[in-house]
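Visitor: Dropping a structure here in structure tokens format, bear with me for questions.
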Amino acid sequence: MTPFLIHDAQSKARVLSFIDGLSLDRQWDVEVKRHTKRRSLSQNALMWTWINRAAEVFGNHYGWDATDVHEYFKQKFCPPVVREIDGETVEIRSTKKLSIEQMTRYLNDIHRHCAQEHGINLPLPEEMYAR
């Protein structure tokens, strides 16, 4: 089922109507949480710029490509989402569903790690787009 996004009185009324139409001969889980915007396209572009730059250095030292560096950063800095699959608890790490704030922390961690641990100077957005 696609989740509802309530943004005005009309969308709220649609949700309430949907809930009112649910059959009471079974139980339902209903979850309401505050909507947060996901990472921005510019954050995603910056992440890949940094990953590709870091891959140049990591490639020389470890033979890694951008995909390897991306996986390394996710394991090191991306907050895990815990899921149960076939009775086994697993941690999934992905940047796709990070909020803007979470992605900002993730990028800051990458920037700091590259500079402090590997001497990699990653360009800041204002440096990349300065005219």
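All letters in the sequence shown, in the order written, are residues -17 to 113 by the working numbering.
Heads up, the beta-carbon is just placed ideally off N, CA and C, and yes, glycines get one too.
#1: Around the Cβ of A37, are there at least 16 other Cβ atoms within 10 angstroms (buried) or fewer (exposed)?
#2: Exposed or buried, F0, counting other C-beta atoms within 10 Å across all chains shown (16 or more means buried)?
#3: Roughly how many angstroms separate the alpha carbons of Q25 and A48, rounded to a whole number?
#4: Leaving out the 5 sequence neighbours to the left and right, which residues in its chain are closer than 8 Å to K56 when beta-carbon positions are compared?
#5: Provide the residue(s) that pair with T71 in DSSP beta bridges, ordered along the chain.
#6: Between G41 and the rest of its own chain, which residues show a CB-CB distance below 8 Å, the 5 nearest in sequence each way excluded?
#7: Three Cβ pairs or more, each shorter than 8 Å: is that satisfied between the stretch 9 to 16 and the stretch 63 to 73?
#8: Pull up the CB-CB distance for I82 and R35, whole angstroms please, since I reckon it's below 8 Å.
#9: Would you call Y44 buried or exposed, if buried means 16 or more other Cβ atoms sit within 10 Å of its Cβ?
#10: Quick one: grab the DSSP three-state call for R94.
#11: Taking its Cβ as the centre, do 16 or more other Cβ atoms sit within 10 Å of V51, making it buried, or is it exposed?
Guide: So, from the listed chains and residues:
#1: By the neighbour-count criterion, in which 16 or more other beta carbons inside 10 Å mark a residue as buried, A37 falls on the buried side.
#2: Around the beta-carbon of F0, fewer than 16 other beta-carbon atoms lie within 10 Å, marking it exposed.
#3: Distance between Q25 and A48, taken at the CA atoms: about 17 Å.
#4: Apart from the 5 residues on each side of it in sequence, K56 sits with its Cβ closer than 8 Å to the Cβ of R75, S76 and T77 in its chain, given in chain order.
#5: According to DSSP, T71 bridges with E66.
#6: Here the set comprises D47.
#7: The stretch 9 to 16, when compared against the stretch 63 to 73, does not touch it at the 8 Å Cβ threshold.
#8: 22 Å between Cβ atoms; not a contact.
#9: Exposed.
#10: DSSP places R94 in helix when its eight states are reduced to three.
#11: Per the 10 Å Cβ criterion, buried.
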